Amino acid sequence: MEEKEMLLEEIISLVEQRKLGKIKEILSEMNEADIAPLFEELEEKDIPVIYRVLPKDLASEVFAYMESETQELLIKSFSDTELKQVIDNLWLDDTVDIIEEMPANVVARILKTASPTVRKQINELLNYPEDSAGSIMTVEYVSLNKDLTVAEAFKKIRHEGVDKETVYTCYVTEKRRLIGTVSVRDLLIASEEQQVSEIMETNVISVHVNEDIENVGRTFSKYDIMALPVVDNDDRIVGIITVDDIIDVIEEEATEDIEKMAAITPTDKPYLKTDVFSILLTRIPWLLLLMISATLTGGIITSFEDALTAFPALVAFIPMLMGTGGNAGGQASVTVIRGLAIGEVELRDVFRVLWKEIRVSVLCGVVLSVAGFVKILLIDNLLLNAGVSMREAVVVSITLALTVFFSKVIGCTLPILAKKLGLDPAVMASPFITTLVDVVTLVIYFIVASKILTI
Numbered sequence: 002m003e004e005k006e007m008l009l010e011e012i013i014s015l016v017e018q019r020k021l022g023k024i025k026e027i028l029s030e031m032n033e034a035d036i037a038p039l040f041e042e043l044e045e046k047d048i049p050v051i052y053r054v055l056p057k058d059l060a061s062e063v064f065a066y067m068e069s070e071t072q073e074l075l076i077k078s079f080s081d082t083e084l085k086q087v088i089d090n091l092w093l094d095d096t097v098d099i100i101e102e103m104p105a106n107v108v109a110r111i112l113k114t115a116s117p118t119v120r121k122q123i124n125e126l127l128n129y130p131e132d133s134a135g136s137i138m139t140v141e142y143v144s145l146n147k148d149l150t151v152a153e154a155f156k157k158i159r160h161e162g163v164d165k166e167t168v169y170t171c172y173v174t175e176k177r178r179l180i181g182t183v184s185v186r187d188l189l190i191a192s193e194e195q196q197v198s199e200i201m202e203t204n205v206i207s208v209h210v211n212e213d214i215e216n217v218g219r220t221f222s223k224y225d226i227m228a229l230p231v232v233d234n235d236d237r238i239v240g241i242i243t244v245d246d247i248i249d250v251i252e253e254e255a256t257e258d259i260e261k262m263a264a265i266t267p268t269d270k271p272y273l274k275t276d277v278f279s280i281l282l283t284r285i286p287w288l289l290l291l292m293i294s295a296t297l298t299g300g301i302i303t304s305f306e307d308a309l310t311a312f313p314a315l316v317a318f319i320p321m322l323m324g325t326g327g328n329a330g331g332q333a334s335v336t337v338i339r340g341l342a343i344g345e346v347e348l349r350d351v352f353r354v355l356w357k358e359i360r361v362s363v364l365c366g367v368v369l370s371v372a373g374f375v376k377i378l379l380i381d382n383l384l385l386n387a388g389v390s391m392r393e394a395v396v397v398s399i400t401l402a403l404t405v406f407f408s409k410v411i412g413c414t415l416p417i418l419a420k421k422l423g424l425d426p427a428v429m430a431s432p433f434i435t436t437l438v439d440v441v442t443l444v445i446y447f448i449v450a451s452k453i454l455t456i
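Take a look at the structure:
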């Protein structure tokens, strides 16, 4: 971090001195992924100046790594010639990603400067459903004919590869139908006279163009591949997804799930780039909903006001019981949500999950019940002199066991139910389940208390 700050200070100093040649020399030796964040720290007036000193090929690569706000600023400062240069040097999927983040007037300008072929390809990719394999794929891949010799295949790779996003894996097609794959490694170790059909892999792993990107991510993880072909209904290859693109998608999906699990409306903007009012809008709806739903707990406490008056010691244990129930439900829900997200748990596994959590909840409930009873006797009564009666201690212990049981059952079933209804299981995580478990805990507590303490 200190090194980055020192470099940034040096660049700012060089800008002020107008030593652009020195800036070019420093940046040319850096990786594009390290250069892009530097632009986020610069003043707006300096961003176009420094960007223009970068070598053309490096400039386009840096542009793809920039935040959308910085990209928009640069696009507005570009001439049509400069914009065309950048777009022509970008991979097509990167161009589509940029377009999806830009306002309509900027998009119109990008499409206007792009060549007719590129414009057509962009429009085709934009037409695929959001969060589908087609929306993140690129059409820049190397296609080979099965009858080519290895020597002919290499000749084609050298001719076309410069404009393709990856050449490590080539795709063997017949009338655009995907019939096999062959890696450059396999071509290198084969004799030049061999045909591609002799060395290609015919057991091709592919995904449908409308496949959900979460499933695409699981396919990458399962097979440890660098690129994945995307096919249509007739098994014709329409593009490929590279590992760098799916990593970005997995990161975005994980961030979205974390935000939903924390009762925050998902947003694409980085935290430090988001203004206070926007953060308020992402958080306040859920907080209002949870606050209103929490009135149920208040209503339950009010309805058992007479019992609390007769046995005031019970009040002190409400936070512990509600907290334990919420934590128990949260543990079960997060485990199941993760299982659903990575494909370990399917909808058909609901009864297996339920049976496992029932056994876990019984064991946890017994341990916590005993621990709670001992805690009341040793800490509350002996050390704190709380004066909790034996029957009241029994009420708390039994409630602990029942609360953990029902909390874990609720926590494991709600995410699966949400999935069944077509909702995101992440919305059933901690805040929502905690509120529901609080209600269940209080109901159990007061029912147990009314049965035991009035005997």
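Just add 1 to the spot in the sequence shown (first one is 1) and you have this note's numbering.
For every residue, glycine included, the Cβ atom is placed at its ideal position computed from N, Cα and C.
None of the values given here were measured: they were computed from a predicted structure.
Query	Result
Counting along the chain, where does the beta strand (DSSP E) carrying G388 start and finish?	Taken as a continuous stretch (DSSP letters only), G388 belongs to no beta strand (DSSP E), as it is neither H nor E.
Which complete alpha helix (DSSP H) runs does the stretch 25–63 hold, if anything under 4 residues is left out?	33–40 and 48–52
Could you tell me which of A60, G22 and K23 sits nearest to F40, measuring between CA atoms?	A60
Just mark Q72 as buried or exposed, buried being the case when its beta carbon has 16 or more other beta carbons within 10 Å.	buried
Runs of 4 residues minimum, wholly inside the stretch 105–183: which ones carry the alpha helix (DSSP H) assignment?	105–114, 117–127, 134–137 and 151–161
Tell me which residues share the same chain as V97 and place their Cβ nearer than 7 Å to its Cβ, disregarding the 5 neighbours each side in the sequence.	I123, L126 and L127
Inspect the CB distances between the stretch 393–413 and the stretch 326–334 and report whether three or more fall short of 8 Å.	yes
Rounded C-beta distance between K457 and I180? I'm assuming under 8 Å.	Only positions 2 to 456 of the chain appear in this structure, which leaves residue 457 out of reach.
Quick check on I417: buried or exposed, where buried means 16 or more other Cβ atoms within 10 Å of its Cβ?	buried
What is the DSSP secondary structure of D276, counted as helix, strand or coil?	coil
Which term fits E166, buried or exposed, when burial requires 16 or more other beta carbons within 10 angstroms of its beta carbon?	buried
How would you label K420, buried or exposed, when you count the other beta carbons within 10 angstroms and need 16 or more for buried?	buried
So G344 and R219 are in contact, right, with Cβ under 8 Å, and what is the actual spacing, rounded?	5 Å
For the beta strand (DSSP E) containing P230, list its first residue and its last residue.	A228 to V232
In terms of residues, what are the limits of the alpha helix (DSSP H) holding T243?	Run containing T243: none in the alpha helix (DSSP H); it sits in the beta strand (DSSP E), I238 to T243.
Can you confirm whether the stretch 342–360 touches the stretch 433–443 when touching is taken to mean that 3 or more C-beta pairs between the two stretches lie within less than 8 Å?	no
In terms of DSSP beta bridges, what is D213 paired with?	S133
Just checking my contact of M1 with V183 at CB under 8 Å: how many whole Å lie between their CB atoms?	Residue 1 lies beyond the residue range present for the chain, which begins at 2 and ends at 456; the question has no answer from this structure.
Consult DSSP for E202 and reduce its assignment to one of helix, strand or coil.	strand
Among the candidates A317, L383, L424 and G423, whose CA atom is the shortest distance from the CA of V397?	A317
Going by alpha carbons, who is nearest to V210 out of T150, F221 and S136?	S136
With DSSP run on the structure shown, which of helix, strand or coil describes V489?	Shown here, the chain extends from 2 to 456; a query on residue 489 therefore has no answer.
Can you round the beta-carbon distance between G326 and V405 to whole angstroms, since I take them to be within the 8 Å contact cut?	7 Å
Within its chain, find whatever has a CB closer than 8 Å to the CB of V441; leave out the 5 residues flanking it on each side and keep chain order.	G326, T404, F407, S408 and I411
Please confirm if the stretch 367–375 is in contact with the stretch 284–292, defined as three or more CB-CB distances below 8 Å between the two stretches.	no
For I456, which residues in the same chain have their Cβ closer than 7 Å to its Cβ, ignoring the five residues on either side in sequence?	With a pLDDT of 49 at I456, under the threshold of 50, the modelled position of this residue cannot be trusted; read the value that follows with caution. Closer than 7 Å at the Cβ level, and outside the excluded window around I456, lies no residue.
Closest to V63 by CA distance: which of A37, D95, S14 and Y129 is it?	A37
Could you compute how far the alpha carbon of E193 sits from the alpha carbon of L145?	15 Å
Can you find a heavy atom of the ligand SAH that lies under 8 Å from the Cβ of T435?	As far as ligands go, the structure on display features none, and thus does not contain the ligand SAH.
Name the one or two DSSP bridge partners that Q18 has.	Beta-bridge pairing links Q18 to no other residue.
Note down the Cα distance separating E215 from L424, rounded to an integer number of angstroms.	14 Å
DSSP three-state label for Q196, please.	strand
Taking the alpha helix (DSSP H) that L379 belongs to, which residues open and close that run?	Per DSSP, L379 belongs to no alpha helix (DSSP H) and is neither H nor E.
Can you find the residues in the same chain that come closer than 6 Å, C-beta to C-beta, to E212, ignoring five residues on each side of it along the sequence?	A134
Can you have a look at L341 and say buried or exposed, based on whether 16 or more other CB atoms are within 10 angstroms of its CB?	buried
Could you tell me which of E70, I12, K57 and I380 sits nearest to L47, measuring between CA atoms?	For clarity, residue 47 is Asp in the given sequence; the question names Leu instead. Ranking the options by Cα distance to D47, first place goes to I12.
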